[in-house]
Every structure is written in C-alpha cells, then in structure tokens.
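Colleague: Chains C and R, in that order, give the protein sequences. With the working numbering applied, the first sequence corresponds to residues 2 to 964, in that order. With the working numbering applied, the second sequence corresponds to residues -2 to 193, in that order. Ideal placement from N, C-alpha and C gives every residue a C-beta, glycine not left out. Structure below; questions to follow.
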Amino acid sequence: MEEGVPIRVLGRVSGSEPGLGGIGARIGGSEPHVPVTRGRRVGGGGGSDAGPAAVQCREGSEAGCRMLRTALPLLLSLPLAGAGATNEPTQESVPLGEPPPGLALFRWQWHEVEAPYLVALWILVASLAKIVFHLSRKVTSLVPESCLLILLGLVLGGIVLAVAKKAEYQLEPGTFFLFLLPPIVLDSGYFMPSRLFFDNLGAILTYAVVGTLWNAFTTGVALWGLQQAGFVAPRVQAGLLDFLLFGSLISAVDPVAVLAVFEEVHVNETLFIIVFGESLLNDAVTVVLYKVCNSFVEMGSANVQATDYLKGVASLFVVSLGGAAVGLVFAFLLALTTRFTKRVRIIEPLLVFLLAYAAYLTAEMASLSAILAVTMCGLGCKKYVEANISHKSRTAVKYTMKTLASCAETVIFMLLGISAVDSSKWAWDSGLVLGTLFFILFFRALGVVLQTWVLNQFRLVPLDKIDQVVMSYGGLRGAVAFALVILLDRTKVPAKDYFVATTIVVVFFTVIVQGLTIKPLVKWLRVKRSDHHKPTLNQELHEHTFDHILAAVEDVVGHHGYHYWRDRWEQFDKKYLSQLLMRRSAYRIRDQIWDVYYRLNIRDAISFVDQGGHVLSSTGLGLPSMPSRNSVAETSVTNLLRESGSGACLDLQVIDTVRSGRDREDAVMHHLLCGGLYKPRRRYKASCGRHFISEDAQERQDKEVFQQNMKRRLESFKSTKHNICLTKSKPRPRKTGHKKDGVANPEATNGKPRDLGFQDTAAVILTVESEEEEESDSSETEKEDDEGIIFVARATSEVLQEGKTSGSLEVCPSPRIIPPSPTCAEKELPWKSGQGDLAVYVSSETTKIVPVEMQKGWNQSISSLESLASPPCTQPPTLTRLPPHPLGVEETQVPLDMSSDPRSSFAFPPSLAKAGRSRSESSADIAQQQELQPLMGHKDQTHLSPGTANSHWCIQFNRGGRL
Amino acid sequence: MGSCSSHVARIPDVDQILRETGFSQASLLRLYHRFQALDREEKGYLSRLDLQRIGALAVNPLGDRIIDSFFPNGSQRVDFAGFARVLAHFRPVDEEDATIRDPKQPEPLNSRMNKLRFAFQLYDLDRDGKISRNEMLQVLRLMVGVQVTDEQLESITDRTVQEADEDGDGAVSFMEFTKSLEKMNIEQKMSIRILK
C-alpha cells in the first residue's frame, strides 16, 4: 500500500439512512451540505492495519454524520460508489475550509480511532463472512473456506476499487509478516503432533530443503529457458537471476494455504504432517533463497563472486539453524517462566503468546527464519508449558491461539483477494503466467517423485503412489509468495509487475482450483483418511512398551537408529529438562501414561457432568461423607464443592428431612418439567465467577471432576470386586449405549409409569433388546467410543455409559452422582457388600486426579467414607423411607448408587442384580432419572417424589437440600 | 554379493534360519556379526550376561524382560538361530508376506500376531496366557517412573485392565490384548527398518 494514497470513502448518508446507508451513499452529489471536514488518511500508522485507507468522514454539523455511516458502507462496500469518487479531488482542500470549531456539543473524532477501528471492522467483516459461509453446510463441504474468502476478497476489492478508484486495503508485506503470519505459525507449531513430526522428520526435511531448492532452481531456469525460447514477451525484462529470484519465491509451499485446505481434507496423519511440516520448514530455505537471489540481483550478476555463492550456502545454515535456535531458546525461557506463575495464573496465556511472539520478532530482527523460530518455540515449549500452567490457562491458550490463527488466516485470504484487484500493480504476460503454472506443477510433481523414491529406500513405511500424487497436488502457494513478490524492488527488478501478476495467478490457481479439487481427488484416489480415535490407556501403555522394545532391539542389534536416539532424548528429558522446566508438583505427576489416564478421567467426568450430573456431582461426593460430615472439618472436599458449586448443590444435611406425602405428585410434576428445566452444569459455572479466574475456580473444577471420577471408580470397582457384573454381559458397554437410546427413549418418554414402579418385566425386556443391539451395533458404536468418554467396562459403569451415550437421555451419568441419598434403591443394591472395598478403592483413586492441595480434604472425606463403609447401614435411615423399588429399577440404579451402597442394608437377590446389571434395560430408567435429576437440582426439589421411584431418590436428595 | 554370501555360508544352518526368519542375507549377516561381537568369549552362544553388557539396555525399563525373551523356557544360552528368531519379530512386513503367503505355512515370525505375542509375553511373566492385574501393575511401575505414587499407579492399573478386559476375569487375555490394539498399526510400530 502506498501510504501516500488516501482514500476517502464518503459515507455521507442522507439523514434518514443509517448504517446501511449504502444506498444513500449517493450523497456526495445529492446532499447539499456535504462539507468534507476531514480528509484523513487512515492506516498511516505503520501500515500495520489491514488497510491503510483513508476514510473520510465529513463532519457535518449534523450528528448525522456518523462514523458508522462512513465506515459501514465502506466495509460493506455497497454504497461508497459515487460519493467517494466525486469527493476525492477535493479532499485535501476541504479540511481547510472547515469552520473554526466552537464549543462543540458533539464531536466526532473518527480520525482518532480510524486505524484500529478499520482493522477491527475488517476482521469483523471477515468473521461475519465466515459465519455466512458456514450457514450452508453444502457449500463449505465442497468449497474450502480459503477459496470463499479469496472470492469474497475479490468482490470487496472490486467494490473498493470501483468506489475509490484506487485499490486499497491490500495485503501489505509488513502487516503480513509481522502480524498475520505469526499467529498461524504459532498455532500450527504449538499444536503440532510432535511425535508424528519427529517420526517423519527425515522426509519433512528432505522435502522442505531439497524439494524447495529443486523447485526454485528448476522453475527459475525453466522460465529463463522459456524466455530464451521466445515464449515470454520481450517486455519482461528479466535475466536468469531475476527468474531464479522469482523461482525462489514462487516455489515455496505455503503453510497458510496448506493448512487451510488440508485441514478440511483429512488425509491420513503421515501425509498431512509431511506436507504441512514441509510448508513450515521450507520457510528457512525460501527466506535464504529469496534474500540471496535478491541481493545478487541488486548487486548485478556481474559482481557476484564465488564467495558470494558460498556465503549463500552458508547463510542457509545460519538462517535455518539460527531460527531454530532462537525458537528453542525462547521455548526454554517460556517453559521456565511458566514454572513460576503459580500465584499469577491469569497471565499464563499471555506469557505463551508474548514469548512466542518475541521469538518471532527476534528471529525476524536477526533476519533468521522467523517461521522456523516460532515453530520450534511452539513445538519445544508445549510439553512443559502444558504441564506448568493451569487447566484453565491451557484452555485459554488453546482457544486464543485458534482464534487468532483463524482470524489471521481469514484476513489473509480476504486481503489476498482484494489485493488481486489492483491492476496498477501488475502486468500480464500470458507466456510467463502459463509457463509458471505449468512449471511449478510439473517440477513439484517431479521433485516429489524423485525424492520419494530416494526416501522410500530408507523408510519403514514407504510412501506410495497415491501419497505422492496428493503431495504433489497439495503443494499450494499462498500469501507468503505474494508478500515476497510485493517486497521486490521495482528499480532492481524491472519485471516486478509481471512477477506480481504471475504470483497472483499462481496463488489463486493453487488455492482455488487445487483447493477445490483436492478433496474429490483424495476421495477418488481413496487416500487413507485419518481416523481419529482418542487414545485409550491400553494403547498408550502398549505404545510405550513398543517404543522401549524397539529401542532395546536396536541396542541388541547394535544399530543406533531413530528409536535409540529417541530413547536417549527421553531419558535426558526426564532427568534434566523436565526437572528444570516443570514445577515440582507438575513434574511429580507428569507422565504420559498418567496423562492419558488423567485426561480420560477428565473427559469422562466432564461429559458426565455436562449431561446433567452437576447436581449429583456436588452431592455425590458428599454422600459417603455425609453422615460423618459434621465431624469432618469444613475443609472437606464436599464442603468446598458445595460452597463453590452451582446452585444445584444442596445441603446434604438437609436431606434427612422428611419428605411429605405429596412427594409423589411432585415427582410427576417434576417429570413434566424435566425437559425444560434441565441445565448443564457448565453454565452455572460460567456465571459463577468468570471475570476472576482464580485458583479457586480451578480447584473447584478439579474437585468436581475428581469427585465424579471417584464415583465412577467406585462403581466400577465394586462391580469388579463383587463380580456383580457378569463377566459376559458387560463386554461392550459403550457400544450398546448407542443403541440403547432407542430403547431407553420409549421408556423415558413416559416417565410416570416408571415412577410408579419399575416393572421387573419391563426391565428384563429391555435388557434383552439392548443386548441384541449391542451385538449388532458394535461396529457402529466403536466410532462413538473414540470420541466419547471411555468408561470402565464394568457392568455398572456400562449402564451409566449407555445412558450417556444415548443422545436424548444423556442424563444417565448423573445417576452415579446422585449417590447421596439413601434411596431405597441403594439399600437394595448388591454393592453394599463391597463397602469395605469401597473405602480402599476410593483412597487410591483420590490421589490420581485430585490436585495435591485437594488431597487433604479428600482424604478426610475418604476416611469418613471408610468409617461409613464399615457400618453397612449408617445412612440407611434416611434412605429407608423410600419404598423399595422393583428389582429392575434398582438394578439400573445400582451403578449410580454405588457410593451410597455401602451403607445400604438391602441386599438384592444376586440373580436380580445380575440381570439388571447385565443389561441396559436399566439404562432406560436411568436415563429418565438422570433427566429428572438435573431439574430437581434446581427447581424441583419441592417436587420430589419420595416413594415413587428409586430413580428419584436423587431428586429427593436435592430437595432435601433445598428445604 | 560374492563375499557376502560366502560369509553367510559360514553361519551354521543358514538356510534354515533364512527360511524361518525371512531375513535377507545381508541382514542376517549383519546380525551374525553383531552376534559374534556380543559373544565376547566366542563360545558360540550368548548368555544373559552378554546381553546385559549392552549399556543402553540397562536403562531400558523393559530391558530385563526383553533379554529374558531371548531365553525361552529358562535356558541360559541362546545360539544364533534363536537370536535371529527373536529379532525376526521386528522385521518389517513386506507386501509379499501378506499376499503371497501360503495359508498352510505357519505365520511368519513378523506377522502382526507374532509381533503382538512378543509384546504380550513381556507382560505375561507367569506365562499363563493372561496379563493379570498384578502383572500389569509391574509393567506400569517400570514404565511410569517414580513420580506417580503407588496408589495412582494402582488406579491406572485398574483402569487399564478394566478397559481391555472384556470377559470380566480381571485379567487381559491375549485376545483382549490384541483387541485393545486393533486400531494401532502394529506392523509399523513393531518393526525396525534395518532388519529387512
């Protein structure tokens, strides 16, 4: 952008027409009183804004002249038309004519906010456009977003051009490199699957270095040859060096474009990481090549000496290794810093961004490869940073990073489109354009094939032909090339305009044509798609085993290969780096297997909670400790939870209060209300204390999660211990869950019948069905497993799971939580026998998830639990009120009740218990119950039906709390 | 190739070994050299001690178990054939293996199942065909390191076993083991390229 060119958009709207004044924009001509008070150049501020455009706002005497009017029309591009054009010439003079301002009642200070305002508006427009695109699934599934954005940019650019007679808001290299690129690179570096990346590092480096060099030279030379052959018009004054320069900037695969397209294509991970890793790492090569060629061109080919070539080669190492080193240094600093943020959690995310950005700028300052620096920084720091910062900060970092990156990406593509409109900058030469297009495709393919052939000699898993096709075809060019070509100095490179035009065409072609077709191509070639599955503990453990085995075998074989070095590195990391960079508490529990375990638990718990468990959760923990709770200090986990928890938290003590006879009726009401009332627990949380993210919140969350986890554990534990879960019945709980929905729903729908009494028969029937379904559906369900929470495969847990899985009945999980109250069901539960075990079990569990701080409280509560456990029926009294439920029902609940079980005096007939457990029949009931529970937590407490259902015991509980 | 094969010929039972393991001659030769290097006293077999001398194995948490796997059935020595047989588990799977294999022939040592079996027997110390909770716990203790407390470790163990355990016997059978890994590309993860 030329700074010197002010654009004015006159959004003068006739009085009545507000924001969309587009139409009214005509103004310029029609409005009599159109003094252009200020002609302001916008974006002067260092060109950092997206568009340095001058928007002129006339301050009419009337307030009518609003910034909004001026800005909006501009952005929307509709209205500006006539007005802008007409006023331009007068712009400079107008300000002078402004009447001396008296004491203004109302002052319009557009120019003071102009620059940032425009930036914000541009981003807003881009975001809105994104929203619009995604309104239609069809469109976005066919057309990559990047294409749409470029096209949108073209349209907007055309409008701006038409209005202003001047292209504005173009993609400026400065803006691009300093502001738009870093977030994208950071995002990709930080979230890069490091294991995968290093597994394929060899291939990535080859493609990035050799491939880029190859592309640059062959393309450059071939174009030069084309010119020599006379296919390029003589107007294009360029020598071999110029073409090499051009080749170097046009040859690099662009990370932004690749990311934008490949993220939607979902090719298999290896392929993705290779293409994407290449696009990131080739930056160093591109930068070096570009700089070297550029300086050669500026020196003139005659003055280039042999040493210069050597220097060029040397600078490749300096730039790449230097960039990587800078990144690693900052990664180290970042990790080290986050180690000490315990007291100021709030700035943790900020630190991540600041230091990463600092790495970028530092590398840029030293003219090293900034992209490489940020990539390495993100890659290097992640492990330690994630371990150090709080859970919330992690989420914050993740979302902020994603938001920034997506924002930058959006703006880049849009600006690319807009920039292409500016015909003053480019000059067309068909020979050059077509030649370039052909050569980059051809040489890319050729290069990939050659390199792959070599690489495959060394690869365990060779890249097959299809992979090569995708890799060749996925070589998208993008904004980096465009920014580089804009940076060329026209005086030194006379053919710049031609190069710009060619680059634009190439970028557009690769992003639009290739972007559009790559998806069908991938489908057509049946490229292995990525199958995302969440890791299971077993996989994680065994994977580690395999790594160790391979490392050992390499030792035995005496070959120090990849596994050997990886093993070395891990030991080094464990011994020194982690010790140094992780805070002690984090380090203590930091282990990959542990981590997976932890995450699985969290995931379980969260989904659990999300599905309505919040009421339960709060109460759940309490259950065990309830009776003895008074004795337990206020510090007990339950107390903390309750206090901090959502409104749903009931006072456990209250539970004991008697239920009235009306309870039943209430329960019915309750059922009616369930649908409307249910609220996910999360919302509560959010409302609780958003502005202040204290450790408190974190703690609370941890606790809750922990509690839930505990519950689950208990259940599973019990089931295992007691063998309750018939060995065969449980097999694939998750899977079944899926189908169960269907089964469960019918029952759930009519809650009343259930309440009255769950008929055993019904339950049985259900069970049968579910089992059948299980088998048939197993394949289906598996997929679900991946995404979902993985529950322990215990009979009890199964039931719960099923409930969860079922979309409609998501509530199921809650049942477990429900624990507290001593519903009759609990008593009946078979689990009671396991009480003793329970306590033990709990204790072991606590350690896992709970933050150290929490453990104390936890232990206390546990101890209380244990005490409870020993006396089987301590709590029962309260529970007893409820009439015993039909067996079937109870069974279903069993899993839920686990916590309470210990005390319950009832013993189910084993056979019954088994049956219930074995199948999901119970699941349906559970689901219902669950649904209810949430409601109850909030409003329904009054409605509790005491005797109605075992399922409702939870309700009662809640209610008690309220009372 | 001439010198190579002449070397290969020196290996006892070379044809038999080649057939059984599927190694290329070059790989086998390479292994043989390694074998000889490990066999310092030139006694013609390796003892546990020989393998334990490999420095890096000492720090490998599974090192001992892997060494043990070279000495099946409590024997104290392993000859080259046995040595090669164990390592053959880690030969990459060729496409030919998968396609042209004669169904009647025993599965090659580097088949997916055999790779898994190798891993499985590292867990299954008592060779009863099941990874009991206790065995799992031991492995986890080796792998997880000291930072995790015993209690945590036990809960991880519980979960791990439960996750894989389908028949509810509180232990992981080989079938369950394979099932828990069915999504993993074992052929790739349990292969070493140089062992073609």
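#1: Considering only residues of the same chain and omitting the five flanking positions on each side of L1/C, which have a CB-CB separation below 7 Å?
#2: Going by C-alpha to C-alpha distance, which of L104/C, L456/C, D188/C and D430/C sits closest to I205/C?
#3: Report back the beta-carbon spacing between N107/R and R88/R to the nearest angstrom; my notes put them in contact at under 8 Å.
#4: What residue range does the beta strand (DSSP E) around V169/R cover?
#5: As a quick exercise: from K575/C, Q580/C and A552/C, pick the residue whose alpha carbon is nearest that of M187/R.
#6: State the CB to CB distance for the pair L1/C and I467/C, rounded to an integer number of angstroms; the pair is presumed to be in contact (CB under 8 Å).
#7: At 7 Å on the CB atoms, spell out the chain C contacts of G60/R, in chain order.
#8: For A34/R, return the contacting residues in chain C, with the cut-off set at a CB-CB distance below 9 Å.
#9: Does the structure place the region 207 to 222 of chain C close enough to the region 405 to 414 of chain C that three or more beta carbon pairs sit under 8 Å?
#10: With a threshold of 8 Å between beta carbons, is Y598/C in contact with chain R?
#11: Among residues of its own chain, excluding the 5 on either side of I151/C, which ones have a beta-carbon nearer than 7 Å to its beta-carbon?
#12: By the 10 Å Cβ neighbour count, where 16 or more other Cβ atoms means buried, how is F439/C classified, buried or exposed?
#13: Once you ignore the five residues that flank F247/C on each side, which residues in its own chain have a CB closer than 6 Å to its CB?
#14: Here's the rule I'm using: 16 or more other beta-carbon atoms within 10 Å means buried, otherwise exposed. How should K166/C be labelled?
#15: Determine which residues share a DSSP beta bridge with R530/C and list them.
#16: In chain order, what residues of the same chain lie with their CB nearer than 8 Å to the CB of L119/R, ignoring the 5 residues before and after it?
#17: Between which two residues does the alpha helix (DSSP H) containing I63/R stretch?
#18: At 7 Å on the CB atoms, spell out the chain R contacts of H549/C, in chain order.
#19: Which residues in chain R sit within 8 Å of E544/C, going by Cβ to Cβ distance?
#20: Starting from V462/C, find everything on chain R with Cβ-Cβ shorter than 7 Å and list it in chain order.
#21: Counting only Cβ pairs nearer than 8 Å, list the residues of chain B close to M140/R.
#22: Would you decide whether I8/R is buried or exposed? Buried here means 16 or more other CB atoms lie within 10 Å of its CB.
#23: Quick check: the Cα distance between L35/R and L48/R, rounded to an integer number of angstroms?
#24: Count the CB pairs spanning the region 228 to 241 of chain C and the region 189 to 205 of chain C that are closer than 8 Å, and state whether there are at least three.
#25: Is the distance from the Cβ of S316/C to the Cβ of V293/C below 8 Å?
#26: Residue range of the alpha helix (DSSP H) that K139/C falls in?
#27: If you draw a straight line from the C-alpha of N283/C to the C-alpha of A253/C, how long is it?
#28: What are the partner residues of L43/R, as DSSP defines its beta bridges?
#29: Return helix, strand or coil for I51/R, following the three-state DSSP convention.
#30: Excluding the 5 residues preceding and the 5 following R114/R in the sequence, name in chain order all residues of the same chain whose CB lies nearer than 8 Å to its CB.
#31: Leaving out the 5 sequence neighbours to the left and right, which residues in its chain are closer than 7 Å to M140/R when beta-carbon positions are compared?
#32: So what's K127/R in DSSP terms, helix, strand or just coil?
#33: Taking the straight line between their C-alpha atoms, what separation do you get for A421/C and L122/C?
#34: What three-state label does DSSP hand S321/C in the structure shown?
#35: Once you ignore the five residues that flank S44/R on each side, which residues in its own chain have a CB closer than 7 Å to its CB?
#36: Determine the DSSP secondary structure at Q171/C, reduced to helix, strand or coil.
Modeller: Result, derived from the coordinates:
#1: Because residue 1/C is not part of the residues shown, which for chain C are 2 to 964, the question remains open.
#2: As a working note, residue 205/C is residue 204 in the first sequence. Closest option to I205/C, Cα to Cα, is L456/C.
#3: Mapped onto the second sequence, residue 107/R falls at position 110. Mapped onto the second sequence, residue 88/R falls at position 91. Yes, N107/R and R88/R are in contact; Cβ-Cβ is about 4 Å, under 8 Å.
#4: Within the second sequence, numbered from 1, the residue matching residue 169/R stands at position 172. First-last of the beta strand (DSSP E) with V169/R: A168 to S170.
#5: Within the second sequence, the letter at position 190 stands for residue 187/R. Among K575/C, Q580/C and A552/C, the Cα nearest to that of M187/R belongs to A552/C.
#6: There is no way to answer for residue 1/C, as the model of chain C reaches only from 2 to 964.
#7: Against the second sequence, residue 60/R aligns to sequence position 63. Result: A553.
#8: Reading the second sequence from its first residue, position 37 is the one you call residue 34/R. Simply G559.
#9: no
#10: In the first sequence, counting from the first residue as 1, residue 598/C sits at position 597. It does: the Cβ of Y598/C has a partner Cβ on chain R nearer than 8 Å.
#11: Translated into positions along the first sequence, residue 151/C becomes position 150. Once the five neighbours on either side are set aside, the close Cβ partners of I151/C are F414, L417, G418, F509, V512 and I513.
#12: Reading the first sequence from its first residue, position 438 is the one you call residue 439/C. Result: exposed.
#13: Counting from 1 along the first sequence, the entry for residue 247/C is found at position 246. Excluding sequence neighbours, F247/C sits near F500.
#14: Reading the first sequence from its first residue, position 165 is the one you call residue 166/C. Its Cβ having fewer than 16 others within 10 Å, K166/C is exposed.
#15: Counted from its first residue, the first sequence places residue 530/C at position 529. Partner(s): V268/C.
#16: As a first step, residue 119/R must be located in the second sequence, where it is residue number 122. Excluding sequence neighbours, L119/R sits near L59, R62, I63, S66 and V136.
#17: Translated into the one-based positions of the second sequence, residue 63/R becomes position 66. Residues G60 to S66.
#18: Start at 1 with the first residue of the first sequence, and residue 549/C comes out as number 548. Correct list: N57, P58 and L59.
#19: In the first sequence, residue 544/C corresponds to position 543, counting from 1. Chain R residues near E544/C: M181 and K186.
#20: Along the first sequence, one-based indexing puts residue 462/C at 461. Those are Q185, listed as they occur along chain R.
#21: Absent from the structure is chain B; the protein chains it does hold are C and R.
#22: For the purposes of this step, residue 8/R is identified with residue 11 of the second sequence, where counting begins at 1. So I8/R counts as buried.
#23: For the purposes of this step, residue 35/R is identified with residue 38 of the second sequence, where counting begins at 1. For the purposes of this step, residue 48/R is identified with residue 51 of the second sequence, where counting begins at 1. In a straight line, the C-alpha of L35/R is about 7 Å away from that of L48/R.
#24: no
#25: Stepping through the first sequence from its first residue, residue 316/C is reached at position 315. Stepping through the first sequence from its first residue, residue 293/C is reached at position 292. In contact: S316/C and V293/C (Cβ atoms closer than 8 Å).
#26: Along the first sequence, read from residue 1 onward, the residue named residue 139/C stands at position 138. Unbroken alpha helix (DSSP H) run through K139/C: R138 to L143.
#27: Here residue 283/C refers to the residue found at position 282 of the first sequence. Here residue 253/C refers to the residue found at position 252 of the first sequence. Between N283/C and A253/C, the C-alpha separation is close to 7 Å.
#28: Locating residue 43/R in the second sequence gives position 46, counting from the first residue. Paired residue(s): V75/R.
#29: Residue mapping note: residue 51/R aligns to position 54 of the second sequence, counting from 1. Of the three classes helix, strand and coil, the one that applies to I51/R here is coil, per DSSP.
#30: Here residue 114/R refers to the residue found at position 117 when the second sequence is read from its first residue. Once the five neighbours on either side are set aside, the close Cβ partners of R114/R are F171.
#31: What you label residue 140/R is simply residue 143 of the second sequence in a count that begins at 1. Cβ within range, chain order: P58.
#32: If you number the second sequence from 1, residue 127/R lands on position 130. Note: K127/R maps to strand in three-state DSSP.
#33: Position 420 of the first sequence, counted from the first residue, corresponds to residue 421/C. Position 121 of the first sequence, counted from the first residue, corresponds to residue 122/C. Distance between the alpha carbons of A421/C and L122/C: 21 Å.
#34: Position 320 of the first sequence, counting from 1, holds the residue named residue 321/C. Reduced to three states, the DSSP call for S321/C is helix.
#35: Reading the second sequence from its first residue, position 47 is the one you call residue 44/R. So the list reads Q73 and R74, once near-sequence residues are dropped.
#36: Residue numbering aside, residue 171/C sits at position 170 when the first sequence is read from its first letter. Three-state DSSP puts Q171/C in coil, outside helix and strand.
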